[in-house]
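Residue numbers (the UniProt record's numbering), protein chains in the order written: chain G, 1 to 309; chain C, 1 to 309. In this text, a Cβ means the ideal position worked out from N, Cα and C, and glycines have one as well. Values in this document were obtained by computation on a predicted structure and should not be read as measured data. A short worksheet on the structure shown next.
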């Protein structure tokens with residue numbers, strides 16, 4: 001692959017509290033604001049508490065999920081008296097950190113999230129974003145503790161609904177397991193390390209370091225699986241099976257147990273072998289998602305370096 | 001110790017959803033109601049979803065913590081237009097399952113709870129309640145999975161604030177770790193097993209089995225510890241230290257780390273050696289409790305058997 005060069009990446013936004021009860025980002029951002037961290041070498045840093053009302057109430061959102069509000073359509077539609085708070089807030093964030101797709105947008109937007117699922121250190125990014133993919137490769141090479149993995153989306157930026165899509169480049173740092181509303185030091189430390197490494201990468205990039213290409217692995221969504229439900233009440237009738245619980249990223253084969261019904265029966269995986277993700281994420285009950293099923297893919301990256309002015 | 005006899009224990013109440021986001025009890029009770037479980041041998045069973053409004057919203061409570069509403073004073077005080085929903089609901093539950101302290105009260109009230117702390121299988125009971133202590137001893141002897149432990153309160157029934165105090169005898173089954181709003185099959189199975197063993201014990205007791213006395217161990221509260229806080233904003237400035245996290249019931253010695261501040265300093269345990277409990281329970285942030293400190297005590301139980309009519 002041909003090497004690629006990019007202009008310097010001098011403006012980064014670190015966001016937390018996009019979901020108000022995911023505590024790593026809330027406390028990382030608050031601490032950076034307290035310490036007045038706004039510059040590291042060549043990189044200027046904007047820290048943002050994305051959903052302050054939800055953070056105050058320690059809930060995911062107040063009216064609608066903020067992290068589903070950043071499509072071009074939602075950012076440009078009409079605003080009325082009944083527009084949810086989060087959609088208004090999305091416009092504010094887009095004005096502050098974007099506008100999405102414009103030259104004024106921050107160079108990198110890094111959004112800090114937590115999950116109750118045993119996802120370890122996981123980046124969520126776009127398969128066409130070579131900068132983010134290189135940062136992922138760098139974090140993977142530097143973090144020693146758990147495996148560092150990535151979920152890769154392959155949708156156009158205009159349809160991307162989450163906050164990180166407002167930056168020229170961007171990704172979500174998703175760390176778990178951690179109960180929502182709880183702050184665990186181990187998870188906080190992991191999220192902070194990944195964020196620090198991202199900023200370190202930007203500094204190296206800006207100072208002229210070339211980053212070699214190569215292959216990275218990631219997971220792409222095949223389908224989502226809902227809980228078994230009572231057809232009358234719509235209540236769930238089963239929990240994630242103990243053999244699947246906490247086994248995110250462990251290949252599911254045909255016949256492997258996936259649910260244990262409340263009356264004791266086992267529901268098994270059917271169809272092709274796939275990797276389960278976000279197994280038993282608290283916030284996905286209302287979205288009718290017990291887990292995602294994904295396949296593993298390999299992406300080949302070009303070597304990259306900074307473009308001389 | 002002299003053997004003691006009690007009248008038959010024929011009426012048990014199984015309660016779940018006293019905290020609306022603690023899911024084991026919610027789903028155990030719903031499943032029993034669906035299966036119309038209302039009698040097992042000599043034991044009639046009443047199943048109750050204690051806080052239906054909080055269960056529907058999947059939150060701990062709507063206006064005030066229901067499980068702090070069952071003191072004699074709160075159950076008999078005036079009711080006005082501004083009385084919180086949970087206090088009204090406590091009166092309803094007291095009328096249905098009590099009245100507390102009366103001959104009409106259910107013989108045993110078993111309330112199902114979850115915690116985000118790594119408490120394993122823990123019963124919370126009163127050190128003067130020999131029936132509950134014997135059931136604890138029985139569960140301990142029968143459950144093979146994790147250690148079964150007990151927190152012992154030594155307050156008069158009139159001052160006991162939680163739901164199980166409405167029964168003639170009663171205890172809380174507290175199982176964790178489980179994020180609030182999440183249902184884990186392993187935790188569900190443990191809670192259900194402890195509940196089933198409690199009912200099994202009542203049947204054996206009623207049918208004339210004698211239960212030998214002996215010693216049981218439990219933990220009693222010495223004091224609670226709050227998070228370090230910023231004196232101006234009152235925000236927490238530290239998380240539970242990774243070496244304390246998940247180590248409930250592991251003796252804390254002087255100098256052991258208990259908090260990791262967001263700027264990286266370690267706060268250490270001071271004073272006598274004590275056992276930490278409910279370490280990093282989600283719902284205790286608002287109560288300003290990072291963990292409880294307890295000491296281990298031994299209680300000697302008399303042999304007990306049913307009193308002939």
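Are any of the Cβ atoms in chain C nearer than 9 Å to that of residue 158 of chain G?
Locating residue 158 of chain G in the first chain gives position 158, counting from the first residue. No - not a single Cβ of chain C is within 9 Å of the one on residue 158 of chain G.
Ends of the alpha helix (DSSP H) at residue 134 of chain C?
-> Looking up residue 134 of chain C in the second chain gives position 134. Note, residue 134 of chain C: alpha helix (DSSP H), 130-142.
(Q) Using 9 Å as the threshold, is the C-beta distance between residue 244 of chain G and residue 216 of chain G below it? (A) Residue numbering aside, residue 244 of chain G sits at position 244 when the first chain is read from its first letter. Residue numbering aside, residue 216 of chain G sits at position 216 when the first chain is read from its first letter. Not a contact, by the Cβ cut-off of 9 Å.
What whole-angstrom Cβ distance do residue 303 of chain C and residue 213 of chain C have, given they're in contact under 8 Å? Taking the second chain and counting its residues from 1, the one referred to as residue 303 of chain C is at position 303. Taking the second chain and counting its residues from 1, the one referred to as residue 213 of chain C is at position 213. Yes, they are in contact, since the Cβ atoms of residue 303 of chain C and residue 213 of chain C sit about 4 Å apart, within 8 Å.
- Query: Going by beta carbon distance, what residues of the same chain come within less than 8 Å of residue 3 of chain C, once the five residues before and after it are set aside?
  - Reply: By 1-based counting over the second chain, the position of residue 3 of chain C is 3. Closer than 8 Å at Cβ, skipping near neighbours: 210, 213, 302, 303, 304, 305.
- Query: Nearest to residue 11 of chain G by alpha carbon, out of G:36, G:21, G:44?
  - Reply: For the purposes of this step, residue 11 of chain G is taken as residue 11 along the first chain, with counting starting at 1. The shortest C-alpha separation from residue 11 of chain G is found at G:44.
*asked:* So the candidates are G:77, G:253, G:251, G:238; which of them puts its Cα closest to the Cα of residue 288 of chain G?
replied: Here residue 288 of chain G refers to the residue found at position 288 when the first chain is read from its first residue. Residue 288 of chain G has its Cα closest to that of G:238, out of G:77, G:253, G:251, G:238.
| request: Could you give the DSSP three-state label for residue 95 of chain C: helix, strand or coil? | output: As a position in the second chain, residue 95 of chain C is number 95, starting the count at 1. Three-state result, residue 95 of chain C: helix.
(message) Tell me which residue opens and which closes the alpha helix (DSSP H) that residue 34 of chain C is part of.
(response) Within the second chain, residue 34 of chain C is the residue found at index 34, counting from 1. First-last of the alpha helix (DSSP H) with residue 34 of chain C: 23-34.
Note to self: Any C-beta of chain G within less than 7 Å: which residues of the stretch 163-194 of chain C qualify?
What the structure shows: 179, 180, 181, 182, 183, 184, 185, 186, 188
> Excluding five sequence neighbours on each side, which residues of the same chain lie with their C-beta closer than 7 Å to the C-beta of residue 58 of chain G?
Replying inline: Position 58 of the first chain holds residue 58 of chain G. Closer than 7 Å at Cβ, skipping near neighbours: 20, 21, 181.
- Among G:285, G:252, G:97, nearest to residue 163 of chain G - alpha-carbon criterion: Residue numbering aside, residue 163 of chain G sits at position 163 when the first chain is read from its first letter. Answer by Cα proximity: G:97.
Checklist entry - Thinking just about the alpha-carbon of each residue, which of G:259, G:115, G:143 is nearest to the one in residue 172 of chain G? => result Taking the first residue of the first chain as position 1, residue 172 of chain G is located at position 172. Closest option to residue 172 of chain G, Cα to Cα, is G:115.
By Cβ distance below 7 Å, which residues in the same chain neighbour residue 40 of chain G in space, the five residues on each side in sequence not counted?
Against the first chain, residue 40 of chain G aligns to sequence position 40. Within the same chain, 199, 203 come within 7 Å of residue 40 of chain G by CB-CB distance, once the 5 residues on both sides are set aside.
Requested in this report: Would you mind sorting residue 145 of chain G into buried or exposed? The rule is 16 or more other CB atoms within 10 Å of its CB.
Outcome: As a position in the first chain, residue 145 of chain G is number 145, starting the count at 1. With fewer than 16 other Cβ atoms within 10 Å, it is exposed.
Contact list for residue 199 of chain C against chain G, beta-carbon separation under 8 Å
For this step, residue 199 of chain C is matched to residue 199 along the second chain. Neighbours of residue 199 of chain C in chain G, taken as residues at a C-beta separation under 8 Å, are lacking, since the least C-beta distance is about 17 Å.
*asked:* Can you confirm whether the stretch 128-140 of chain G touches the stretch 77-85 of chain G when touching is taken to mean that 3 or more C-beta pairs between the two stretches lie within less than 8 Å?
replied: no
Exercise. Could you tell me which chain C residues have their CB closer than 7 Å to the CB of residue 282 of chain G, listed as they occur along the chain?
Key: As a first step, residue 282 of chain G is located in the first chain; it is residue number 282 there, counting from the start. What residue 282 of chain G touches in chain C: 179, 181, 182.
Practice task
May I ask you to report which of helix, strand or coil DSSP gives residue 145 of chain G?
Solution key: Position 145 of the first chain, counting from 1, holds the residue named residue 145 of chain G. Residue 145 of chain G: coil per DSSP, three-state reduction.
Problem set entry | Close Cβ partners of residue 261 of chain C (< 6 Å) along its chain, the five nearest in sequence each way excluded | Position 261 of the second chain, counted from the first residue, corresponds to residue 261 of chain C. Result list for residue 261 of chain C: 237, 238, in chain order.
**OP:** Report the neighbours of residue 292 of chain C on chain G: residues whose CB is nearer than 7 Å to its CB, in chain order.
**Re:** For this step, residue 292 of chain C is matched to residue 292 along the second chain. By Cβ distance, chain G contributes nothing, its closest Cβ being about 16 Å from residue 292 of chain C, past 7 Å.
*So, does the CB of residue 113 of chain G fall closer than 9 Å to a CB anywhere in chain C?*
The sequence position of residue 113 of chain G within the first chain is 113, counting from 1. So, not an interface residue.
| said: Do residue 285 of chain C and residue 259 of chain C count as a contact pair if the criterion is CB distance below 9 Å? | reply: For the purposes of this step, residue 259 of chain C is identified with residue 259 of the second chain, where counting begins at 1. For the purposes of this step, residue 285 of chain C is identified with residue 285 of the second chain, where counting begins at 1. Their beta carbons are not under 9 Å apart, which means residue 259 of chain C does not touch residue 285 of chain C by this criterion.
How would you list, in chain order, the residues of chain G whose beta-carbon sits under 7 Å from the beta-carbon of residue 260 of chain C? For this step, residue 260 of chain C is matched to residue 260 along the second chain. What residue 260 of chain C touches in chain G: 185.
Alpha carbon of residue 112 of chain G to alpha carbon of residue 52 of chain C, nearest angstrom: As a position in the first chain, residue 112 of chain G is number 112, starting the count at 1. As a position in the second chain, residue 52 of chain C is number 52, starting the count at 1. If I take the Cα positions, the gap works out to 34 Å.
Which chain C residues sit within Cβ distance under 8 Å of residue 239 of chain G?
Here residue 239 of chain G refers to the residue found at position 239 when the first chain is read from its first residue. Within chain C, the residues near residue 239 of chain G are 27, 183, 184, 185, 188.
Secondary structure at residue 52 of chain C, three-state DSSP: helix, strand or coil? On the second chain, position 52 is the one that residue 52 of chain C refers to. Three-state DSSP puts residue 52 of chain C in a helix.
Residue 112 of chain C: first and last residue of the uninterrupted beta strand (DSSP E) it sits in:
Translated into the one-based positions of the second chain, residue 112 of chain C becomes position 112. First-last of the beta strand (DSSP E) with residue 112 of chain C: 108-114.
Quiz item: Excluding five sequence neighbours on each side, which residues of the same chain lie with their C-beta closer than 7 Å to the C-beta of residue 230 of chain C?
Solution: Reading the second chain from its first residue, position 230 is the one you call residue 230 of chain C. Once the five neighbours on either side are set aside, the close Cβ partners of residue 230 of chain C are 237.
| request: Can you have a look at residue 223 of chain C and say buried or exposed, based on whether 16 or more other CB atoms are within 10 angstroms of its CB? | output: Position 223 of the second chain holds residue 223 of chain C. Burial call: exposed.
Candidates C:232, C:281, C:193, of which the one nearest residue 178 of chain C by Cα
Here the question's residue 178 of chain C lines up with position 178 in the second chain. For residue 178 of chain C, the nearest C-alpha among the options comes from C:281.
| query | What are the residues that DSSP puts in a beta bridge with residue 262 of chain G? | reply | In the first chain, residue 262 of chain G corresponds to position 262, counting from 1. Bridge partners of residue 262 of chain G: none, in fact.
At the 9 Å Cβ level, is residue 149 of chain G part of the contact set with chain C, yes or no? In the first chain, counting from the first residue as 1, residue 149 of chain G sits at position 149. Answer no: the Cβ-Cβ gap between residue 149 of chain G and chain C never drops below 9 Å.
Compute the Euclidean distance between the alpha carbons of residue 127 of chain G and residue 174 of chain C, then round it to the nearest angstrom. For this step, residue 127 of chain G is matched to residue 127 along the first chain. For this step, residue 174 of chain C is matched to residue 174 along the second chain. Answer to the nearest angstrom: the Cα atoms are 45 Å apart.
- Item | Distance CB(residue 205 of chain C)-CB(residue 240 of chain C) smaller than 9 Å | Locating residue 205 of chain C in the second chain gives position 205, counting from the first residue. Locating residue 240 of chain C in the second chain gives position 240, counting from the first residue. Result no, Cβ atoms of residue 205 of chain C and residue 240 of chain C do not sit closer than 9 Å.
Item checked: DSSP three-state assignment for residue 184 of chain C, whether helix, strand or coil -> Against the second chain, residue 184 of chain C aligns to sequence position 184. Looking at residue 184 of chain C - three-state DSSP - the assignment turns out to be coil, as it is neither helix nor strand.
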